[in-house]
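Some notes on the structure that comes next.
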Amino acid sequence: MEINKKDIRALTKEQLRDFFVKEGDEAFRGNQVYEWLWSKSAHAFEDMTNISKETRQMLEDNFVINHIKVDTMQRSSDGTVKNAVRLHDGLIVESVLIPTPTRTTACVSSQVGCSLDCSFCATSRLKRMRNLNPDEIYDQVVAIDNESRLYFNRPLSNIVFMGMGEPLMNYNNVIKAIDKITSP
Ligand code: SF4
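Each residue of the sequence shown is one higher than the one before, counting from 938 in my numbering.
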């Protein structure tokens, strides 16, 4: 049952290496899979072509990869791009690419809804459903970076956590996401 499978991207590189050692494989297999997950943004185990079919099946049996999906994308006449992003459990958050002549800024969400009550903000009328996981924050940045390269021919220059949610109310996951985003 897929529902009991753990999201493989919740594992650190060390945990992934330990998993393979416990499975009787080599620790470096964990490095290979980690690279597929984070450097190559693999969406499926079958994409991991330097991993044997048996190992890919074993990963399939044990884990899921809960990638976000850009449900709808809207482009404004001023160049702004707005994504409605669907999460693995069907909930939706928004992220935005804001271009200027000198910058492309990603504005990403850190929670679904918000528990705070800022009077000027439309999100304050939505109930906070849950915190975003680090990978869900990271995926928003990757999606917007791809859009920036596609539409403006340059990578992102800035990131702000001013989408849905208050990032300091999801501090640990935001820090983990920043760690991934800024990793070489
Ligand atoms: S999303 Fe930001 S601005 Fe809106 S209610 Fe939450 S903390 Fe306030």
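For each residue, glycine too, the CB sits at the ideal point set by N, CA and C.
Asked, Found
"Just the C-alpha distance for V1033 and I1005, rounded to the nearest angstrom, thanks.", "15 Å"
"Please state if the CB of I1035 and the CB of T1060 are separated by a distance shorter than 9 Å.", "no"
"Ends of the beta strand (DSSP E) at D1008?", "1006-1012"
"Buried or exposed: which applies to S1094, given that a residue is buried once 16 or more other Cβ atoms fall within 10 Å of its Cβ?", "exposed"
"Does the CB of Y1075 have a neighbour CB from chain C at under 9 Å?", "Protein chain content of the structure displayed is limited to a single chain, and chain C is not contained in it."
"Is the separation between the beta-carbon of V1001 and that of C1044 shorter than 9 Å?", "no"
"Expressed to the nearest angstrom, what Euclidean distance is found between the alpha-carbon atoms of W975 and N968?", "10 Å"
"Helix, strand or coil for V1078, going by three-state DSSP, please let me know.", "helix"
"Quick check: what's the CA-CA separation for M1106 versus L1087?", "33 Å"
"Go ahead and label P1071 buried or exposed: buried means 16 or more other beta carbons lie within 10 angstroms of its beta carbon, across all protein chains shown.", "buried"
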